[in-house]
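A quick write-up on the structure given underneath.
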Amino acid sequence: MKLFLSTCLLFFFINGKAQNITDFKYIIVPQFFSDFVKEDYQLNLILKSTLRKKDFEIVAEGASNTPLQLQNDKCLAANADIKTVQSSFQNKLKVIFTDCNANVIGEFEGSSKIKDFKNGYQEALNFALNKISNYKVNSTYKLTENINPKAVISNSNLYKSSDNKLYSINYKSNSTFEVTDEDSKKIIAKFYPTSQKNTYHVSIFLDKENYNTIGFVKENTIIIEYMNGENSWKTKIFTKE
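When the count follows my numbering, it moves up by one through the sequence shown with no breaks and lands on 859 for the last residue.
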């Protein structure tokens, strides 16, 4: 019995990287939800709009302009779906999020006493989405800070950007590192590890604005991906000197 319990505990600690919807910056939304193929009631629009307000990046299922890291690894995104929940006197539904292996990582139910299907399901969806927290750039980092090893970049800490400026890489604890402008000596980016090897959440610090994005390390290159306009993505590349 003790051996069985020990085995179960070991399995839990090895595989118990519990994931939450707030661990995923990207949400893939299908054109049609499972139980709303014939009539959408504008639920797709409401879901996308609300998740964007909660700082998630929305990716249309099958879109050709997906972010570069999603093209390489679909597991960086969660998949959204909406299903009806049987109820005699209410319009009731649940929003379901799954990972790339079809494992459920979150279910959020909402119901409405409004009898009209369109208004009722819309209200139910809003109630369900109110239960979802905003995406947080450090959420995955906190869960996996001891799991993802520090990427091997180079013995040299000097890198040149695609616009020919020099930057230094400074490692901190828990596999984080900073990118510092060598001219101004200001930190322009902080990298936080995710559950995916060599892929990072990145906080950008500029004179005019701060924002969060995704970055990754590839051999002797550090890449930061950022959105340029509504539907296009660009990269800034730092190469070892």
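Glycine included, each C-beta is placed from N, C-alpha and C at the ideal position.
Just so it is clear, the structure is predicted and the values come from calculations on it, not from any experiment.
- Residue state for Ala-746 is assigned as helix, using DSSP reduced to three classes.
- With fewer than 16 other Cβ atoms from the protein chains shown falling within 10 Å of its own Cβ, Ala-720 counts as exposed.
- Taken in chain order, the complete beta strand (DSSP E) segments of 3 or more residues contained in the stretch 669-725 are 675-678, 695-702 and 709-716.
- For a cut-off of 8 angstroms, the C-beta gap from Gly-738 to Ile-639 is around 24 angstroms, too long to register as a contact.
- Assignment of beta-bridge partners to Leu-776 by DSSP yields Ser-786.
- The count of Cβ pairs closer than 8 angstroms, one atom from the stretch 791-807 and one from the stretch 638-656, stays below three, leaving the stretches out of contact.
- Segment contact: the stretch 663-676 against the stretch 642-650, three or more CB-CB distances shorter than 8 angstroms; contact assigned.
- Annotation for Gln-660: Lys-736 and Gln-740 place their beta carbon closer than 8 angstroms to its own, counting only its chain and skipping 5 residues before and after.
- For Tyr-659, DSSP records no beta bridge to any residue.
- When DSSP states are grouped into helix, strand and coil, Thr-812 belongs to the coil group.
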